[in-house]
Every structure is written in C-alpha cells, then in structure tokens.
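Written below as structure tokens is the structure these notes are about.
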C-alpha cells in the first residue's frame with residue numbers, strides 16, 4: 020500500500036509539469052493544446068541526443084533541451100497558432116492535434132520505434148520505511164518540486180508572471196492596462212516549453228524513450244489540469260498528485276490494465292460536481 | 031480653452047454594420063464631458079474605439095493634436111489615455127495590490143515623482159490599502175469601481191474615459207463615485223464619461239453630448255441640458271430640436 024502510494028506520488032509529480040504547461044497555455048490562449056504529449060517526446064529526444072549521443076551529463080542536456088524546447092515552442096506558435104488565433108478555440112485545438120501528430124512522427128522518423136534510454140549510471144534502489152525508492156525517483160521529485168516553486172515565484176512575484184495571470188483573467192482589460200499580449204504569449208509558450216521538456220526528460224528517466232511516450236500521458240495530464248481547474252497553476256499540481264495517487268492505488272482493487280480509466284472517471288466526476296475544477300474559477304461569459 | 035481630445039467623423043462597429051456613424055467629439059482640456067443616450071446608441075462602442083479595443087473604420091482621433099489611429103490599446107495608455115470599462119474592470123483573480131502593481135508596471139507609471147503621486151492616490155482612495163491582500167473579485171461593486179479608478183489613475187493619464195462608473199451601484203455609492211470623479215478632475219485630469227444616470231452625471235460635468243443611433247444628436251453645456259424640462263426627450267432622438 021505505502022509502496023503503491025509512493026509510486027503514485029512519483030507519477031503525480033511527473034505529470035504536474037506538463038499539467039502546469041497545459042493550464043498556463045489554456046489560461047492565456049484559451050484552447051486545449053493536444054500537442055503537449057508530442058512536445059514532451061521531442062524534448063526528451065533532444066536531451067537524449069545531447070546526453071547519449073554527444074556525451075553531455077543528463078542535467079546539462081536537460082537544461083539545454085528545456086531552453087531549446089522553449090524557443091521551439093515560441094517558433095511553433097509563430098508559424099502554427101498565431102495565424103489561426105482569431106478563428107477560435109476549436110480551430111486551434113484541431114491544429115494542435117495535427118501538430119502533435121507531426122511532431123511525434125518527426126521523432127519516430129529520426130529515432131525509430133524502439134525504446135531507448137538516457138546514458139545514466141544505474142544505481143541500486145534503497146529502502147525507507149519499507150518503501151523501495153531509487154535515485155531517479157528522488158531526482159524526479161526534486162526537479163518537479165523546484166520547477167513548481169520557481170513557477171509559483173514567477174507567477175506571483177514577477178511582473179511578467181502577474182501579466183500572464185492578468186491576460187488569463189481578462190484579456191481585453193489587460194490591453195487597456197498597458198499589457199502587450201503578444202509578448203505575454205511568447206513568454207507563456209517559452210515557459211510551457213521548458214516545463215514540457217523537463218516533463219519529457221523525467222518520463223524518459225522513469226520509463227523509456229519511445230515516440231508515443233508523451234501522448235501516453237496525454238489523458239492523465241489533461242485530467243490533472245481539468246481536475247485541478249484549467250487555468251489554475253496550484254490546481255494543476257494538486258490535480259496531478261491526486262490523479263497519480265488514485266491511478267496507482269486503483270491497482271490494489273482492480274487489474275492494472277484498467278488504470279487508464281481512472282483519469283477519465285476523474286474528468287467525468289469533476290465536470291458533473293464542480294465543472295470549474297478544484298481551484299478553478301467559474302466560467303463567466305463576457 | 032484648448033481641446034485635449036478631438037474626434038472627427040468616427041465610424042466603428044462589429045460585424046458588417048457600423049454602430050458609430052460619423053461621430054464628432056471635442057473635449058476641452060481639464061473638463062468633464064458626459065455622453066448620454068439610449069441603450070444601443072453606441073456610447074460604449076465609442077469608449078472602446080477611443081481606448082483602442084475596437085478599430086476605427088473611418089475618421090480620426092487626436093489626443094493633444096497627436097493622431098492615435100495607428101496606436102494599439104497599450105500604446106494609447108502610454109500616450110495618456112486611461113479607460114475604465116463598465117464591467118469586468120479589475121482582474122478578479124488577482125489581489126487588490128496585484129491589480130495596482132500591474133497598473134504601475136505596465137501603464138508607464140514608474141519614474142520621477144512617483145512617491146508624491148502615490149500619496150495623492152492614497153488620499154483619493156484611502157480604503158484600498160485595507161483590502162490589499164483580498165482578491166479583487168471579492169470586493170463589493172463600489173470597492174471594485176474605486177480600485178478600477180485607482181488603477182486607471184496610476185498611469186497618470188491626461189484623459190480618463192469612464193464607461194458608466196455608477197452602473198449597478200446604490201444611490202449613496204453613486205454619489206460617492208461622482209464625488210471622486212469630480213476630485214480626480216480637479217487634479218487636472220480631463221474626463222470623458224459615459225452615463226445612464228444623466229442627472230447626477232451632468233451635475234459634475236461641463237459639457238454633454240447626446241448620442242443616438244450612432245450619431246451625435248446634440249452637444250451643449252451640462253447646465254443647459256440640466257435645465258431642460260423633459261430630459262427624457264434626449265433619449266427619444268429629438269434632442270437636436272430642443273437644445
């Protein structure tokens with residue numbers, strides 16, 4: 020039971036990063052970006068290229084991949100989403116599905132379908148209070164927690180973070196408060212790219228690198244963001260932990276194959292009883 | 031007195047048709063101009079167009095002789111226009127202090143003479159510091175309006191555009207809002223105010239424009255309009271015959 024709960028926490032903190040990216044993008048751009056899974060995959064392969072092929076330490080490769088993914092996301096927005104911005108959320112959502120398909124297949128074209136792994140030394144697992152843990156899981160918890168704290172500080176203490184929350188809250192008021200939305204949108208994509216890259220690397224460390232590695236997490240990541248309340252960074256974190264924990268704990272009472280149903284049930288339950296999610300604000304049509 | 035705002039032949043609207051059909055407005059520097067008119071006459075459309083939220087389809091807008099037509103809404107803020115929308119005029123999920131910080135950080139208000147200005151702002155809105163940590167969405171309607179004013183004034187604008195500042199407020203709060211508007215005007219800020227509450231608004235205004243069907247039907251001093259026996263006729267479109 021304790022071991023399963025710990026595994027659930029690790030799964031949750033891995034999902035927290037892409038869930039935060041989803042919620043940031045949705046808050047500012049008002050559309051669900053279904054390309055986040057493939058973006059994680061591409062970033063993980065970028066880190067793989069630097070780490071396993073060029074021999075960089077994984078930490079340096081992850082940082083470089085995160086910055087590169089941030090810049091790539093800004094470029095992708097410029098080429099793909101910006102020209103469609105005035106056409107509404109459905110058009111942008113469909114574009115993100117197509118983009119995800121392309122990105123995942125770029126990774127498949129470059130590295131094939133076989134599973135790969137980062138060049139890191141294998142360490143023997145250790146036990147704490149009868150719970151088996153390993154070094155990678157500790158790194159995962161530390162990196163994810165540090166990223167979440169950094170995002171919290173950015174969103175609440177820095178002018179650009181406040182501007183992002185302002186645009187998410189009321190885009191037209193933000194304009195007459197002097198906030199240039201294009202700049203805020205670029206920063207949002209850059210930060211989302213960094214979060215997705217870190218998420219991709221953590222998934223690669225936890226499992227293996229393969230083209231569908233990101234899209235396998237897509238439903239859980241969206242469930243976490245919706246459960247916590249789309250647009251709420253705190254909600255994304257709590258939602259990811261809840262979905263991760265419940266998914267793992269569900270294996271105690273039913274076959275692991277059915278675990279994929281847990282996030283779907285979570286989406287259904289929250290939409291029926293609290294459509295705005297745990298920490299989201301009720302939607303007001305303006 | 032020189033004019034701070036000059037609008038000539040302004041056309042604007044949503045979709046296929048124009049809502050504003052050739053509007054002319056001139057606002058004397060340091061004065062309050064109130065725009066009244068029936069629902070759907072284009073008052074809020076005029077405010078949004080002046081603020082840069084809606085593009086003008088024809089006509090010109092000048093602030094102190096400088097054309098604003100090519101400027102985005104954020105650039106108009108830097109040029110000296112502050113706009114307070116009728117509804118949703120504060121960031122509801124941000125605290126009162128965060129709302130004020132955003133105004134200071136992005137409305138070009140940081141700089142020389144900041145401290146003295148902050149003191150004047152606290153004098154005008156002494157109730158705000160008590161609510162700094164509260165989410166703006168949890169404030170009462172009157173408090174939200176005061177916060178929206180304070181944010182708009184943080185930019186130290188030369189022209190303040192207020193879209194129905196008394197909407198949804200009780201009579202006591204309405205009087206308080208108009209009193210603040212008058213005090214703000216006394217600090218030298220020119221004000222263009224859109225109001226349904228015509229009598230209260232005209233009492234503090236210098237001039238009045240009646241807008242109906244997207245056109246200026248009348249333009250007169252506020253006193254003249256107040257002295258009219260039948261103010262309702264202004265809303266029925268025959269104002270030009272009465273003033």
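Chains as they are written, first to last, in our numbering: chain A, 20 to 305; chain B, 31 to 273.
Each residue gets a CB set at the ideal place from its N, CA and C atoms; glycine is no exception.
Three-state class that DSSP yields for residue i in the structure shown
{"i": "residue 89 (chain B)", "result": "strand"}
{"i": "residue 202 (chain B)", "result": "helix"}
{"i": "residue 139 (chain A)", "result": "coil"}
{"i": "residue 193 (chain B)", "result": "strand"}
{"i": "residue 271 (chain B)", "result": "Legend: pLDDT at residue 271 (chain B) = 45, less than 50; position of this residue unreliable, value from coordinates given subsequently. Correct three-state label for residue 271 (chain B): helix."}
{"i": "residue 152 (chain A)", "result": "strand"}
{"i": "residue 222 (chain B)", "result": "strand"}
{"i": "residue 198 (chain A)", "result": "coil"}
{"i": "residue 98 (chain B)", "result": "coil"}
{"i": "residue 163 (chain A)", "result": "helix"}
{"i": "residue 253 (chain A)", "result": "helix"}
{"i": "residue 210 (chain B)", "result": "helix"}
{"i": "residue 169 (chain A)", "result": "helix"}
{"i": "residue 305 (chain A)", "result": "Because residue 305 (chain A) carries a pLDDT of 46, less than 50, the predicted location of this residue cannot be relied on, and the following value inherits that uncertainty. DSSP places residue 305 (chain A) in coil when its eight states are reduced to three."}
{"i": "residue 79 (chain A)", "result": "helix"}
{"i": "residue 154 (chain B)", "result": "helix"}
{"i": "residue 269 (chain A)", "result": "helix"}
{"i": "residue 216 (chain B)", "result": "helix"}
{"i": "residue 133 (chain A)", "result": "coil"}
{"i": "residue 71 (chain B)", "result": "coil"}
{"i": "residue 159 (chain B)", "result": "helix"}
{"i": "residue 359 (chain A)", "result": "Any answer about residue 359 (chain A) is impossible in this case: the structure gives chain A only from 20 up to 305."}
{"i": "residue 237 (chain B)", "result": "strand"}
{"i": "residue 84 (chain B)", "result": "coil"}
{"i": "residue 297 (chain A)", "result": "coil"}
{"i": "residue 119 (chain A)", "result": "helix"}
Anticipated Cβ contact below 8 Å, residue i with residue j, distance rounded
{"i": "residue 84 (chain A)", "j": "residue 62 (chain A)", "result": "5 Å"}
{"i": "residue 54 (chain B)", "j": "residue 246 (chain B)", "result": "6 Å"}
{"i": "residue 202 (chain B)", "j": "residue 77 (chain B)", "result": "Actually they do not touch by this definition, with Cβ atoms about 25 Å apart."}
{"i": "residue 379 (chain A)", "j": "residue 169 (chain B)", "result": "An answer regarding residue 379 (chain A) cannot be provided, because it is not within the stretch 20 to 305 covered by chain A."}
{"i": "residue 28 (chain A)", "j": "residue 260 (chain A)", "result": "7 Å"}
{"i": "residue 113 (chain B)", "j": "residue 195 (chain A)", "result": "5 Å"}
{"i": "residue 82 (chain B)", "j": "residue 122 (chain B)", "result": "No, residue 82 (chain B) and residue 122 (chain B) are not in contact; Cβ-Cβ is about 22 Å, not under 8 Å."}
Sheet register partners of residue i (DSSP bridge)
{"i": "residue 242 (chain B)", "result": "B:245"}
{"i": "residue 137 (chain B)", "result": "Per DSSP, none; premise fails for residue 137 (chain B)."}
{"i": "residue 118 (chain B)", "result": "In the DSSP output, where bridge partners are listed per residue, residue 118 (chain B) has none listed."}
{"i": "residue 112 (chain B)", "result": "B:190"}
{"i": "residue 145 (chain A)", "result": "A:152"}
{"i": "residue 73 (chain A)", "result": "None; residue 73 (chain A) has no bridge partner."}
{"i": "residue 191 (chain A)", "result": "Note: residue 191 (chain A) sits in no beta bridge, so no partner."}
{"i": "residue 125 (chain B)", "result": "B:165"}
{"i": "residue 127 (chain A)", "result": "According to DSSP, residue 127 (chain A) bridges with nothing at all."}
{"i": "residue 84 (chain A)", "result": "Looking at the DSSP assignment, residue 84 (chain A) forms no beta bridge with any residue, so it has no partner."}
{"i": "residue 228 (chain A)", "result": "A:135"}
Contacts of residue i in chain B (Cβ-Cβ under 9 Å)
{"i": "residue 194 (chain A)", "result": "81, 82, 83, 102, 103, 104, 107"}
{"i": "residue 199 (chain A)", "result": "102, 104, 105, 136"}
{"i": "residue 300 (chain A)", "result": "122, 123, 167"}
Start-to-end residues for the beta strand (DSSP E) that takes in residue i
{"i": "residue 58 (chain B)", "result": "50-58"}
{"i": "residue 36 (chain B)", "result": "33-42"}
{"i": "residue 66 (chain B)", "result": "62-66"}
Host alpha helix (DSSP H) of residue i (start-end)
{"i": "residue 188 (chain A)", "result": "178-188"}
{"i": "residue 67 (chain A)", "result": "55-67"}
{"i": "residue 30 (chain A)", "result": "21-48"}
{"i": "residue 246 (chain A)", "result": "237-247"}
{"i": "residue 289 (chain A)", "result": "280-292"}
{"i": "residue 233 (chain B)", "result": "228-234"}
{"i": "residue 183 (chain B)", "result": "171-184"}
{"i": "residue 254 (chain B)", "result": "252-256"}
Chain B residues whose Cβ lies nearer than 8 Å to that of residue i
{"i": "residue 181 (chain A)", "result": "124, 128, 131, 132, 135"}
Partner residues on chain B for residue i, Cβ-Cβ distance less than 7 Å
{"i": "residue 185 (chain A)", "result": "121, 124, 132"}
{"i": "residue 178 (chain A)", "result": "135"}
{"i": "residue 188 (chain A)", "result": "121, 122, 123, 124"}
Check: residue i C-beta below 7 Å from any heavy atom of the ligand MN
{"i": "residue 154 (chain B)", "result": "Inclusion of the ligand MN in the displayed structure is not the case, the ligand content being empty and no account of it being possible."}
8 Å Cβ cut-off: residues of chain A touching residue i
{"i": "residue 115 (chain B)", "result": "191, 192, 195"}
{"i": "residue 44 (chain B)", "result": "Going along chain A, no residue has its Cβ under 8 Å from residue 44 (chain B), so there is no contact; the nearest lies around 13 Å."}
{"i": "residue 162 (chain B)", "result": "What residue 162 (chain B) touches in chain A: nothing, since even the nearest Cβ is about 14 Å away."}
Contacts of residue i in chain A (Cβ-Cβ under 9 Å)
{"i": "residue 181 (chain B)", "result": "196"}
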